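**Student:** Sharing a structure here in C-alpha cells format.
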Amino acid sequence: ALKNDSVSAKKQDFSEYAGIWAVMEINHERGQLQKVSLELLSEAKRLADILGEQVSAVLLCRDIPEDFEQNVANVGCDIVYIVKNDLLERYDTELYTSAVCELAKQYKPAGILFPATENGRDLAPRVSCRLQVGLTADCTALDIDEQRNLVQIRPTYGGNIMASIISPDHRPQLASVRPNVLLVNPLKTPADTQFVCVDMELDAESSKAKFVKAVEKEGVFRDVGEAEIVISGGYGIGSAENFRILQKLAVKMDAAVGATRKAVDEGWAPFDIQVGQTGKTVAPELYIACGISGALQHTIGIKNAKHIISINTDPAAPIFTMSDVAIMGDAVQVLSRLCDKVEKY
Ligand code: FAD
Numbered sequence: 005a006l007k008n009d010s011v012s013a014k015k016q017d018f019s020e021y022a023g024i025w026a027v028m029e030i031n032h033e034r035g036q037l038q039k040v041s042l043e044l045l046s047e048a049k050r051l052a053d054i055l056g057e058q059v060s061a062v063l064l065c066r067d068i069p070e071d072f073e074q075n076v077a078n079v080g081c082d083i084v085y086i087v088k089n090d091l092l093e094r095y096d097t098e099l100y101t102s103a104v105c106e107l108a109k110q111y112k113p114a115g116i117l118f119p120a121t122e123n124g125r126d127l128a129p130r131v132s133c134r135l136q137v138g139l140t141a142d143c144t145a146l147d148i149d150e151q152r153n154l155v156q157i158r159p160t161y162g163g164n165i166m167a168s169i170i171s172p173d174h175r176p177q178l179a180s181v182r183p184n185v186l187l188v189n190p191l192k193t194p195a196d197t198q199f200v201c202v203d204m205e206l207d208a209e210s211s212k213a214k215f216v217k218a219v220e221k222e223g224v225f226r227d228v229g230e231a232e233i234v235i236s237g238g239y240g241i242g243s244a245e246n247f248r249i250l251q252k253l254a255v256k257m258d259a260a261v262g263a264t265r266k267a268v269d270e271g272w273a274p275f276d277i278q279v280g281q282t283g284k285t286v287a288p289e290l291y292i293a294c295g296i297s298g299a300l301q302h303t304i305g306i307k308n309a310k311h312i313i314s315i316n317t318d319p320a321a322p323i324f325t326m327s328d329v330a331i332m333g334d335a336v337q338v339l340s341r342l343c344d345k346v347e348k349y
C-alpha cells in the first residue's frame, strides 16, 4: 500500500528513471560471485533490451570477486556501479541497505532485481521500506508490459495460481528473484562494460550487528542451490536413521543432500535443505529423488535439473514421469547398494 493510494490518481512522470539493475551477491569467504548474480544480470539485460535501456550491476564489496569483469561483460552488462569499502567485507543489513538506497536515489533505475537468497531476502524489504516503494518477493519470472512496467510473476495461493504483479505508481520497481529459476545467457560478443566507482561515506556505527565469526556450511548439508549433484529424500525413506544412508552416498559423490517438506516435517532433515515451492529451487546436473512421490510443490523446485533419477516402490509415482532414469524398488536398499558400488572420487 505505502504511499501509492494518495498519488495514483494523477499520472506520474517517471521520465528520469531508466534501466534495470541487478544486485550482485558474493560468496565473501571464497571471493566469488554467486551464480544467481549472473542469472539476475542476464534477465535484467533481457528486460532492459525490451525497454531499449541499459542494464547495470550493483557491486558492494571490499574486494572485487574473481573474474568479475569478464563474467559481467559476457552477459551484456552495460554499467557496474561499485561501492568498494572495507566495511563491505561481508553482508551487513544496515550498510548494504544504505548503499543500495543511495545509489538508487543518485542514479534512478526503473527497476532493481535482488537475489531471493538469505541475504537478498533481508536486504530487499529494507530497501523497499526506505525508498517507500513496493517489492514483489520471490518472483519466478519477469516481463515488461505495454506501459513499460516491470511485470513481476510469482506463485500464490499455495502455488495454485501465478500472480502477475505490477507497480505502476512508483519507481524504482523492486523484485527479488529465486536462484536457479532463470538461465544465464552468455552473449557471443561480450559487452564493453563501464565500471563506475562510487565514493560513499558509510557509517560503521549505524550497523546494529557485530560480526563474530563466519562458518561456511560444508559437506552434505551445504547449499543445495549451488550443488552440481543433489540427492534428496522423501517420506518413502522411512526414518531419520535411513536418511543417513543418503548422506553417506552424498559424501561419496560430492553431492548435497535435499529433502521434501514431508521429510523436513518429520524432523529427518533441516528446513534449509528443503527443495520446492516453500524451500529452495535447485538446478543441478543430476538430481536423485529417493522415496519422493513428485508432488507439484516439490517438482516446481527441480524443473531446471538437467537429469533426474528417481527411486520409488510405486510404479505410478508422478516423479517417474519426469525422470530420465526410473528405478522401481526400495530406496534404502538401492541407496545401500549404490553406496557399496560408488567409489569416492
Ligand atoms: P509422499 O507424497 O508421501 O511420497 C512418498 C513416496 O515414497 C511415495 O511415492 C511412495 O510410493 C514412496 N515410497 C514409500 N516407501 C518407499 C520405499 N521404501 N522406497 C522408495 N519409495 C517409497 N513439498 C516439498 O517437497 N517442498 C515444498 O517446498 C513444499 N511446499 C509446499 C507448499 C504448500 C503450500 C503445500 C500445500 C505443500 C507443500 N509441499 C512441499 C508438500 C507437497 O505437497 C507434498 O506433500 C510433499 O512434497 C510430499 O513429500 P514426499 O514425496 O516426501 O511424500
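Mapping of the sequence shown onto our numbering: position 193 corresponds to residue 197, and the numbering continues sequentially without gaps. C-beta: ideal position from N, C-alpha, C; glycine also. Remember, predicted model here, so these are calculated numbers, not experimental data.
Roughly how many whole angstroms lie between the Cα atoms of Ile277 and Tyr291?
**Tutor:** One C-alpha to the other measures close to 13 Å.
**Student:** Is the beta carbon of Leu206 closer than 8 Å to that of Ile235?
**Tutor:** It is not a contact, given that the beta carbons lie outside the stated cut-off.
**Student:** State the start and end residues of the unbroken beta strand (DSSP E) segment that holds His32.
**Tutor:** First-last for His32: undefined, no H or E at that position.
**Student:** According to DSSP, is Val11 part of a helix, a strand, or is it coil?
**Tutor:** Any reading at Val11 needs caution, since the residue's pLDDT is 47, under 50, leaving its predicted position unreliable; the model's value is listed next. Reduced to three states, the DSSP call for Val11 is helix.
**Student:** Is it the case that the CB of Ala309 approaches a heavy atom of the ligand FAD more closely than 7 Å?
**Tutor:** Checking the Cβ of Ala309 against the ligand FAD gives no.
**Student:** I'd like to check one pair, Leu191 with Ile116: are the Cβ atoms closer than 8 Å?
**Tutor:** No, Cβ-Cβ distance for Ile116 and Leu191 is not below 8 Å.
**Student:** What number of angstroms, rounded off, separates the C-alpha of Val279 from the C-alpha of Lys310?
**Tutor:** Their Cα atoms are separated by approximately 16 Å.
**Student:** Give every residue of the same chain whose Cβ lies closer than 8 Å to the Cβ of Glu70, excluding the five residues on either side of it in the sequence, and list them in chain order.
**Tutor:** These residues qualify, in order along the chain: Gly35, Gln36, Leu37.
**Student:** Let me check understanding here. Comparing Cα to Cα, which of Lys109, Gly238, Lys307, Ala293 lies closest to Pro274?
**Tutor:** The candidate whose alpha carbon is nearest that of Pro274 is Gly238.
**Student:** Considering only the beta carbon of each residue, do Gly305 and Thr285 sit closer than 8 Å?
**Tutor:** Their beta carbons are under 8 Å apart, which means Gly305 touches Thr285 by this criterion.
**Student:** Rounding to the nearest angstrom, what Cα-Cα distance links Pro176 and Pro113 in this structure?
**Tutor:** Pro176 and Pro113: Cα-Cα distance of roughly 6 Å.
**Student:** Consider the C-beta atom of Ile306 and the heavy atoms of the ligand FAD; say whether any pair is separated by less than 7 Å.
**Tutor:** Outside the cutoff, so no.
**Student:** In the DSSP assignment, what residue or residues form a beta bridge with Leu154?
**Tutor:** Per DSSP, Ile148.
**Student:** I'd like to confirm the pairing. Which residues does DSSP put opposite Trp25 in its beta bridges?
**Tutor:** Note: Trp25 sits in a beta bridge opposite Ser60, Ile116.
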